[in-house]
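Given below as structure tokens:
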């Protein structure tokens, strides 16, 4: 490539060849880097630098106050003997496995409803998108917890239909479900992406199928779903990665101990607790890298399965 | 050449950005008055009082300016750890007994012995608090207030249930019986007690009544597995019989206290919390003695509820020492702060403070058991805060019935020993 490029340029009509162009181009390059410099600095100093530091720290015993001490793979080995670490992996995995499908299904359902033209469509879209604007806010988590305490709205409503669970915030069997619902309620982002995907589904296909006598469900299964499968895949990927990193809402509801009875001890919460309450930064760094590794593997796995079910129009299949 | 030129241009751009960023603070160096940064934990109520005290200090020391900042307890320590690690610790910081050794042994605190007798006078400290800020011969913190274990209760709840009010000499069995009677008489509308089993200091006071300690002098656990199993078993029985506030309720009301919400008739706790409860509820509350099976031994001591330290990196140790001296000795400061942080730590301030209502109750309570108070134990070992958290967490799982007493005991010892060894 490098040898071809200059010849091409020289051949280009109306372009003066030779060193002058070169100087100008390199000048453009500098200007480009200059404009990029805030971003470059950001990624170097605020992302890559800390990441490399944390990779180094993950092999050390580091208490924040004293210099880090090299311990090799100790932190990583210790994790597998740490009952709380295993617990946090379990809680997080269950959460991801339940919360992601629930949220995506809800987002898709809402998107399908909002896809039809009707009065006040803009209002409904805004109303459903609203909750995700206040996303990971502390106040929202506090309100959510209050809704799910003894004698609060949810408890009373459930009692009307004969379900006696008490406040979910204090019930280890329901505390995680409460957070799943909080996640699902904030379905705005995947919903908007689904909506965009639905707009791309050709109307002709639906019309043709309709003429052939296909019902609503059949059309959804055989036309809509395959046509939006890339969007489903994109949302699935994004939500999976996000769900592994849930923190704020869980911290507000369950605190650093994952109350009640450790059922909301998310991976990130345990990581934070180890690092900032117990001053075990080395261990916390190792945990962070394990999380990255785990999420990376799962993403890879999702990409593998995608070959089987994601359909890109233009594919010969 | 071209590469070099490009490189220098980028470098120039980078340094420009840095110069811009650095233009912020740090212009105090040459100007007249010294600025001290002072961090503490507490809530907005306390902030108003602290600010008043600081104003008074600044009028008395016009060449010193104090910029305070505060968080809630947990957030405070998280921020303090990061600030300290980043070399950005405040000049003066509030210290907790449980963290004192952690910070002192890591060399991040200034030895105040160097200021003693010059800018700092600790001679007037209460007998029980003298030496409480020392670690391995150095003075790394000065107590500004003290508190002790006590029993806060509602006399109305007691009389309604027909239970005599607690008085000196009541035993742990009396305490459990009283709780049971109160809970039964209200039909479970009000509970006799709070989170008995999840309160680490209930165990400590029992150990001390038996002549043992929570942590030995050399920083190990001062009790064995059977002793902890006994404590857990007693507590578990209370929880299972629903005599004390059920754990699911306790979890839901956090960060509030059950006494603030009239959910329980009384609870053991630090005596200065009386003032917090009293501010939140209309129910009349009283302070009574801690139960003991050994009448001659209450197992109590005056604990420094709050201390003040100076960062080893502070450029103004003299002025910092002056600020601490002001907080412990100045009668005006004592008057402003009252018993908000616990009863003042010096005789002079105790005399200066005009206490009313719940504050007076706390002072009277401490006065009533004055002769029984022992010397404070040495500052707890590194990781004591982590161990207390483990205790709270494990006892919660125990109350939920997720683990058995034996499992809880094993888990606690595994975690505590691992923390103490690291």
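Residue numbers (the working numbering), protein chains in the order written: chain A, -11 to 305; chain B, 4 to 425.
By construction, the Cβ of each residue, glycine as well, lies at the ideal position given by its N, Cα and C atoms.
Quantities reported herein were computed from a predicted structural model and do not represent experimental measurements.
Checklist entry - Comparing the C-beta of residue 274 (chain A) with each C-beta of chain B, is any distance below 8 Å? => result Closer than 8 Å: no.
Checklist entry - Do you know how far the Cα of residue 172 (chain B) is from the Cα of residue 42 (chain A)? => result Inter-residue distance for residue 42 (chain A) and residue 172 (chain B) is about 56 Å (C-alpha atoms, whole angstroms).
Item to check | residue 272 (chain B) - DSSP class collapsed to helix/strand/coil | outcome: Residue 272 (chain B) sits in a strand when the DSSP states are folded into three classes.
Next on the checklist: Below 7 Å on C-beta distance, what does residue 403 (chain B) contact in chain A?
Outcome noted: Simply 160, 248 and 249.
Checklist entry - On the three-pair Cβ rule with 8 Å, is the segment 58 to 73 of chain A touching the segment 261 to 278 of chain A? => result The segment 58 to 73 of chain A, when compared against the segment 261 to 278 of chain A, does touch it at the 8 Å Cβ threshold.
Next on the checklist: Suppose you measure from the CA of residue 344 (chain B) to the CA of residue 275 (chain B); what does that come to, to the nearest Å?
Outcome noted: Rounded to the nearest angstrom, the gap between the Cα atoms of residue 344 (chain B) and residue 275 (chain B) is 7 Å.
Item to check | Min CB distance residue 251 (chain B) to chain A below 8 Å | outcome: At a cut-off of 8 Å, the C-beta of residue 251 (chain B) has a neighbouring C-beta in chain A.
Next on the checklist: Comparing C-alpha positions only, which one of B:185, B:143 and B:263 sits nearest to residue 283 (chain B)?
Outcome noted: It is B:263 whose Cα lies nearest to the Cα of residue 283 (chain B).
Checklist entry - Is there a Cβ from chain A that is less than 8 Å from the Cβ of residue 145 (chain B)? => result By this cut-off, residue 145 (chain B) is not an interface position.
Next on the checklist: Considering Cα atoms alone, identify which of A:215, A:267, A:224 and A:200 is closest to residue 85 (chain A).
Outcome noted: The shortest C-alpha separation from residue 85 (chain A) is found at A:224.
Item to check | Start and end residues, alpha helix (DSSP H) containing residue 371 (chain B) | outcome: DSSP places residue 371 (chain B) inside the alpha helix (DSSP H), whose first and last residues are 360 to 371.
Checklist entry - With 16 as the cutoff for other CB atoms within 10 Å, does residue 36 (chain A) come out buried or exposed? => result It counts as exposed.
Checklist entry - Does any residue of chain A bring its CB to less than 8 Å from the CB of residue 254 (chain B)? => result Yes, residue 254 (chain B) counts as interfacial toward chain A.
Checklist entry - How about residue 182 (chain A) and residue 216 (chain A): are their beta carbons less than 8 Å apart? => result Contact: yes.
Checklist entry - What residues from chain A crowd round residue 111 (chain B), counting only those whose CB sits closer than 7 Å? => result Those are 53, listed as they occur along chain A.
Next on the checklist: In whole angstroms, give me the CA-to-CA distance for residue 16 (chain A) and residue 180 (chain A).
Outcome noted: Cα to Cα, the separation comes out at about 38 Å.
Checklist entry - Based on the DSSP output, what are the partners of residue 124 (chain B) in its beta bridges? => result In DSSP, residue 124 (chain B) forms no bridge with anything.
Checklist entry - Can residue 348 (chain B) and residue 128 (chain B) be called in contact, C-beta distance under 8 Å? => result Going by C-beta atoms, residue 348 (chain B) is nearer than 8 Å to residue 128 (chain B).
Item to check | Whole-angstrom C-beta distance between residue 288 (chain B) and residue 156 (chain B), which should lie under 8 Å | outcome: Here residue 156 (chain B) really is in contact with residue 288 (chain B); their C-beta atoms are around 7 Å apart, less than 8 Å.
Next on the checklist: For the alpha helix (DSSP H) containing residue 307 (chain B), name the first residue and the last one.
Outcome noted: From DSSP, residue 307 (chain B) is part of no alpha helix (DSSP H) but of the beta strand (DSSP E) over 306 to 313.
Checklist entry - Using Cβ-Cβ distances below 7 Å, what residues of the segment 137 to 158 of chain A are close to chain B? => result Those would be 137, 138, 154, 155, 157 and 158, in chain order.
Item to check | Partners in chain B for residue 243 (chain A), counting only beta-carbon separations shorter than 8 Å | outcome: Within chain B, the residues near residue 243 (chain A) are 257.
Checklist entry - Comparing the C-beta of residue -6 (chain A) with each C-beta of chain B, is any distance below 8 Å? => result Residue placement at residue -6 (chain A) is poorly supported in this model, since its pLDDT is 43, which falls under 50; the coordinates still yield a value, given next. Taking Cβ atoms only, chain B never reaches closer than 8 Å to residue -6 (chain A), which makes this a no.
Item to check | Reduced DSSP secondary structure (H/G/I, E/B, other) of residue 320 (chain B) | outcome: When secondary structure is reduced to three states using DSSP, residue 320 (chain B) falls in the helix class.
Next on the checklist: Going by DSSP, what residue range makes up the beta strand (DSSP E) through residue 122 (chain A)?
Outcome noted: In the DSSP annotation of this structure, residue 122 (chain A) is not part of any beta strand (DSSP E), being labelled neither H nor E.
Checklist entry - CA-CA distance, residue 94 (chain A) and residue 413 (chain B)? => result Answer to the nearest angstrom: the Cα atoms are 44 Å apart.
Checklist entry - Does DSSP classify residue 25 (chain B) as helix, strand or coil? => result Only weak support exists for where residue 25 (chain B) lies, its pLDDT of 41 falling under 50; the coordinates are left without a value.
Checklist entry - So, is the C-beta of residue 264 (chain A) closer than 8 Å to a C-beta in chain B? => result Using a Cβ-Cβ cut-off of 8 Å, residue 264 (chain A) counts as an interface residue toward chain B, since at least one Cβ of chain B sits closer than that to its own.
Checklist entry - Is there contact here, the segment 264 to 277 of chain A with the segment 42 to 58 of chain A, by at least three beta-carbon pairs under 8 Å? => result With the rule of 3 Cβ pairs closer than 8 Å, the segment 264 to 277 of chain A counts as touching the segment 42 to 58 of chain A.
Next on the checklist: Given this structure, state the Cα-to-Cα distance separating residue 19 (chain B) from residue 22 (chain A), to the nearest angstrom.
Outcome noted: Only weak support exists for where residue 19 (chain B) lies, its pLDDT of 42 falling under 50; the value from the coordinates is given anyway. Here the alpha carbon of residue 19 (chain B) sits roughly 11 Å from the alpha carbon of residue 22 (chain A).
Checklist entry - Between the beta-carbon of residue 119 (chain A) and the beta-carbon of residue 174 (chain A), is there less than 8 Å? => result For residue 119 (chain A) and residue 174 (chain A), yes; Cβs fall inside 8 Å.
Item to check | Identified DSSP bridge partners for residue 265 (chain A) | outcome: For residue 265 (chain A), which the question treats as bridged, DSSP gives no partner whatsoever.
Next on the checklist: According to DSSP, is residue 173 (chain A) part of a helix, a strand, or is it coil?
Outcome noted: Three-state DSSP puts residue 173 (chain A) in a helix.
Next on the checklist: List, in chain order, every chain A residue whose beta-carbon is nearer than 9 Å to that of residue 392 (chain B).
Outcome noted: The contacting residues are 244, 245, 261, 265 and 266.
Checklist entry - In angstroms, rounded to a whole number, what distance separates the CA positions of residue 143 (chain A) and residue 390 (chain B)? => result Approximately 35 Å, taken between the alpha carbons.
Checklist entry - According to the Cβ coordinates, are residue 154 (chain B) and residue 253 (chain B) closer than 8 Å? => result Judged by their CB atoms, residue 154 (chain B) and residue 253 (chain B) are not nearer to each other than the 8 Å cut-off.
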